[in-house]
Amino acid sequence: MNTAKPAAPSVFPPWRDHKNPPPWLFPAPVRAGRFSIATPGTERFNIEVAPDRVSAFRFSGKCDPEVLHYDMQTQLLGNARGRLGSGRAGVYQGHYVKGAGRTPAAANWNDDADVYHGSGHLAIGSAIRERAITACLQARGLGALIVPCTAVLLGKLSPAEQRAVKQAQTSSRPSFTTADARCMALSVKPANFARMSNFAFALDRFEVEPRSIAELFLDLEYYLTPPEQRGDDAEGSPQSIVNALERAFERGLASFRAFSSAGLFWLYLESNFSLDGRFLDLETPVYFGQPFVGISVSTVRGGIEREVLGFEEFGFAGHWRGFIAWLTARLRLLCLRESGCGREVRSYLGGLLRAIERRFSARHLLYDDRALMQQATAHLAGGLGLEAADRKRLRALARHVFDVRVYNHVAACPELGWKEVTTPPADATPRKRNFLHAPFSPGAASDGGLDYARMIARLSQEKDPHKLLRGFEP
Numbered sequence: 039m040n041t042a043k044p045a046a047p048s049v050f051p052p053w054r055d056h057k058n059p060p061p062w063l064f065p066a067p068v069r070a071g072r073f074s075i076a077t078p079g080t081e082r083f084n085i086e087v088a089p090d091r092v093s094a095f096r097f098s099g100k101c102d103p104e105v106l107h108y109d110m111q112t113q114l115l116g117n118a119r120g121r122l123g124s125g126r127a128g129v130y131q132g133h134y135v136k137g138a139g140r141t142p143a144a145a146n147w148n149d150d151a152d153v154y155h156g157s158g159h160l161a162i163g164s165a166i167r168e169r170a171i172t173a174c175l176q177a178r179g180l181g182a183l184i185v186p187c188t189a190v191l192l193g194k195l196s197p198a199e200q201r202a203v204k205q206a207q208t209s210s211r212p213s214f215t216t217a218d219a220r221c222m223a224l225s226v227k228p229a230n231f232a233r234m235s236n237f238a239f240a241l242d243r244f245e246v247e248p249r250s251i252a253e254l255f256l257d258l259e260y261y262l263t264p265p266e267q268r269g270d271d272a273e274g275s276p277q278s279i280v281n282a283l284e285r286a287f288e289r290g291l292a293s294f295r296a297f298s299s300a301g302l303f304w305l306y307l308e309s310n311f312s313l314d315g316r317f318l319d320l321e322t323p324v325y326f327g328q329p330f331v332g333i334s335v336s337t338v339r340g341g342i343e344r345e346v347l348g349f350e351e352f353g354f355a356g357h358w359r360g361f362i363a364w365l366t367a368r369l370r371l372l373c374l375r376e377s378g379c380g381r382e383v384r385s386y387l388g389g390l391l392r393a394i395e396r397r398f399s400a401r402h403l404l405y406d407d408r409a410l411m412q413q414a415t416a417h418l419a420g421g422l423g424l425e426a427a428d429r430k431r432l433r434a435l436a437r438h439v440f441d442v443r444v445y446n447h448v449a450a451c452p453e454l455g456w457k458e459v460t461t462p463p464a465d466a467t468p469r470k471r472n473f474l475h476a477p478f479s480p481g482a483a484s485d486g487g488l489d490y491a492r493m494i495a496r497l498s499q500e501k502d503p504h505k506l507l508r509g510f511e512p
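Numbering-wise (my numbering), the sequence shown opens with residue 39 and increments by one.
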């Protein structure tokens, strides 16, 4: 492993460095890892966290520059016990590496019931989907809508770990991905993003000094802005932050409509898209390759779960409503004289609160249920080429999905005469899903969707990890 002191990651804002990172990032020591199966140029990411390098006591010594910065998170829609943030990932040399072992954010390390999130490892079945869907979307001209997976490294499991996999004690499933029987993965992405949950954590752990507050809201404006538009000239004014908030919402909404046009569904949205509107957790794509409306049917804990595939943008809008509600509530609290903030800070935060409430009023698109449903229905109906009668049925489905994803209603899905999908897309997870389609929707994945499914099938059956790494391109 390179022991030279790394330069400050370029993904940090100009006012930050590795000694003063954004306040949701914290250091974890690392060492050379076991991910030696790598493509040329990616060997430097072969690391794993090294908790044994944190001694019980310390009375002197210099800071260790060779660290991974894991990110802490506060979810807006409820938090799972022990999951404090990126429990297996973090920023290393300007990149976000996932599968590097259990960070201090994995407070579920002693919870044998939390197999998926508590192991510290990344299953190969997940990694190949991250890399493969990246390649597919880039080929389709949609690469700018995601935080791309640029590399995957593989490492061999120990005999004890292989036995645990065989006994289904981890999230790796060899029946799903053959190479998971003997190896695990590390995925690499640009670390040029932040999540709503990162900022929620940081503002919960705020410092009252004016400089710290100023830097935090400069961070917010910076990460709301697309990477290619960022610079060292962020204003941090209430107006510039509100403008950045609005543009980020609009950008993300447009991204989800583009995903809808591609027949791409991510399934799990919470904390999985960036503040600037890109989708970042690419492990579980359901990719039809063309506009699609249907239902995913699976068995969960002995019961049948039916989930509509369509209108994922409503879930995105619901998360944005939660973020704005949380942000304004937090600002209102910090504006109180009892908050511990000085008059100068309270004045600034009060101005920001008023600017957000003016911009995101009840008349804003974010809060206009009817407009959101009309726009989404028109977009999807146009892509499907629907006539008036089918548009009416699609509107009824949109109302149902909106109520479920925005207002958490529990209701039966409208009966549209659902039919079996004849040629399904690639499985997204080891949990087997069957797919139904609306009578006015295509009943199979497109040629592009089938190309992706064939690529996943080929990679899933590959036993040789070296050949697996060479087989990602569509």
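Every residue, glycine too, gets a C-beta built ideally from N, C-alpha and C.
From P67 to G509, what distance separates their C-alpha atoms? The C-alpha of G509 is placed about 33 Å away from the C-alpha of P67.
So G481 packs on G327, CB below 8 Å; how close in whole Å? Actually they do not touch by this definition, with Cβ atoms about 13 Å apart.
For G125 and T141, believed in contact at Cβ under 8 Å, the rounded distance: That pair is a contact at about 6 Å.
Straight-line gap, E86 to Q131 (C-alpha atoms, nearest Å): Roughly 13 Å separates the two Cα atoms.
Quick one: Cα of R443 to Cα of S334, how far? Counting only the Cα atoms, S334 lies some 15 Å from R443.
DSSP state of T216, grouped into three classes? Correct three-state label for T216: helix.
Considering just the uninterrupted stretch of the beta strand (DSSP E) at F473, what are its terminal residues? Where F473 is concerned, the enclosing beta strand (DSSP E) stretches over R471 to H475.
Checking 7 Å against the spacing of the C-beta atoms, do G332 and F473 come in under that value? Yes, these two residues count as a Cβ contact at 7 Å.
Which residue or residues does DSSP assign as beta-bridge partners of I1? Within the shown structure, residues of the chain are numbered from 39 to 512, placing residue 1 beyond reach of any answer.
Jot down the residue ranges of each uninterrupted beta strand (DSSP E) in the region 262-342, minimum 3 residues, whole runs only, in chain order. For the beta strand (DSSP E) assignment, the uninterrupted runs of no fewer than 3 residues enclosed by the region 262-342 are, from N- to C-terminal side, 332-338.
Chain-order list of residues whose beta-carbon lies under 8 Å from that of P44 (same chain, five-residue window excluded): Below a pLDDT of 50, predicted positions are generally treated as unreliable, and P44, at 44, falls in that range; the measurement from the model is reported next regardless. Around P44: H56, P103, E104 and Q131.
Can you tell which of P462, A419, F311 and V338 has its C-alpha closest to the C-alpha of Q113? Of the candidates P462, A419, F311 and V338, the one whose C-alpha sits nearest the C-alpha of Q113 is F311.
Give the range of the alpha helix (DSSP H) segment to which F64 is assigned. Going by DSSP, F64 is part of no alpha helix (DSSP H) but of the beta strand (DSSP E) stretching over L63 to A70.
Report yes if the C-beta of L313 is less than 6 Å from at least one heavy atom of the ligand NAD; otherwise report no. With respect to the ligand NAD, the structure shown offers nothing to examine, as it has no ligands at all.
Pick helix, strand or coil for K505, following the three-state DSSP scheme. K505 carries a helical assignment under DSSP once its states are collapsed to helix, strand and coil.
I need the straight-line Cα distance from H155 to R381, nearest angstrom please. Approximately 43 Å, taken between the alpha carbons.
Just how far apart, CA to CA, sit L488 and R316? Near 25 Å, if we compare the C-alpha coordinates of R316 and L488.
Outcome for E500 when other beta-carbon atoms lying within 10 angstroms are tallied against a minimum of 16: By the neighbour-count rule (16 or more Cβ atoms within 10 Å), E500 is buried.
By how many angstroms is the C-alpha of L422 removed from the C-alpha of G269? Cα atoms of G269 and L422: separation of roughly 40 Å, rounded to the nearest angstrom.
To the nearest angstrom, report how far apart F294 and H357 are at their CA atoms. Their Cα atoms are separated by approximately 13 Å.
Under the DSSP definition of a beta bridge, which residues are partnered with G123? The partner list for G123 (beta bridge, DSSP) reads M110.
Tell me the DSSP secondary structure of S385 in three-state form. It is helical.
Find out if the Cβ-Cβ distance for the pair F303, E350 is shorter than 7 Å. Yes, Cβ-Cβ distance for F303 and E350 is below 7 Å.
Nearest candidate by alpha-carbon position, reference A434, set A182, L424 and T415: Comparing alpha-carbon positions, the option among A182, L424 and T415 lying closest to A434 turns out to be T415.
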